[in-house]
Amino acid sequence: MARVIADISISLDGFVTGPNPGLENGLGDGGEALHTWALHPDPVDHDVLDSTVAATGAVIMGRRLFDIVDGPHGWTDEMGYGADRAAEPPVLVVTRQPPARVRLADRMTFVVDGVAGAVSKGLAIAGDRDVVIMGGAAVIRGALDAGLVDELRLHLAPVLLGAGTPLFGDGRLRRLRQVHVRPSGNATHLTYLVH
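Position one of the sequence shown corresponds to residue 119 (our numbering), numbered consecutively onward.
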C-alpha cells in the first residue's frame, strides 16, 4: 500500500534552507551543507537514496522549490530526484498558477488544487509505491496539518545555519513516533510515523 512520506534535509537548528534562498542562491547562504549527504554520499547515504528512490512512485514539491529546481542552476540529467538511478518518478508541483515556460517540462505536472489535490493525484499515479513530498517547508507543513502524511523522514545535517527557512515553528503540537535512526558520516537519517 502506498505511503505519503514527507522527506527533507534539515539543520540542527531546524532550517531547511540557509538565509537568502532564491533562484540564484538555491538553498540560501550555507544551505548546500544540508545536502552533503546526497551530493557526496557515503555508503549509508547511497543506500538511503537508492532505497527511497526505488520505492517512490511520485514526488510532490511546492512552486518556490520548483522555480529553483527548474532554474538555470537547478536539476540536470545527472542531478535531481532519481537521476543516476533506474527510476525518475513523475513530479507534481503545487502551485496557484503554472508557469508559462518550463525547462523540465517532461518531468513536471502542475496541480492547482492544493497539496491535498497533489497527494490525491500522486497516490493515483504511484500505485503501490510511495508518494514523497520533498518540500518546501510550507508544502510539508500543509500536508502535515491536513493529516495527509504517514511518515516524516528528516535527514539531520551536522550544521547550524543560524537563520533561513524553518521547517517548523508554527506552534502546532505534532505527535510522532520514531521508528528508525540511521547515522552516516554526513547526516543522521530519522524516520517518524505521524499520528
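The C-beta atom is built at its ideal place from N, Cα and C for all residues, glycine as well.
The Cβ atoms of Asp147 and Leu278 lie no closer than 8 Å to each other. Ranked by Cα distance from Ala275, the first of Val249, Val297 and Thr306 is Thr306.
Taking the Cα of Ala234 as reference, the smallest distance to any Cα among Asp246, Asn143 and Val257 is reached at Val257. Per DSSP, His164 is one residue of the alpha helix (DSSP H) stretching across Pro161 to Ala173. Taking Gly149 as reference, the option from Ala281, Met179 and Met252 with the minimal CA-CA separation is Ala281. Taken through DSSP and simplified to helix, strand or coil, Asp263 comes out as helix.
Closest in C-alpha terms to Gly289, from the list Val299, Arg271, Asp263 and Arg295, comes Asp263. Note: Val249 is bridge-paired with Val122 and Ala176 in the DSSP secondary-structure output.
Distances from the alpha-carbon of Ala151 to those of Asn304, Gln296 and Arg295 put Asn304 closest.
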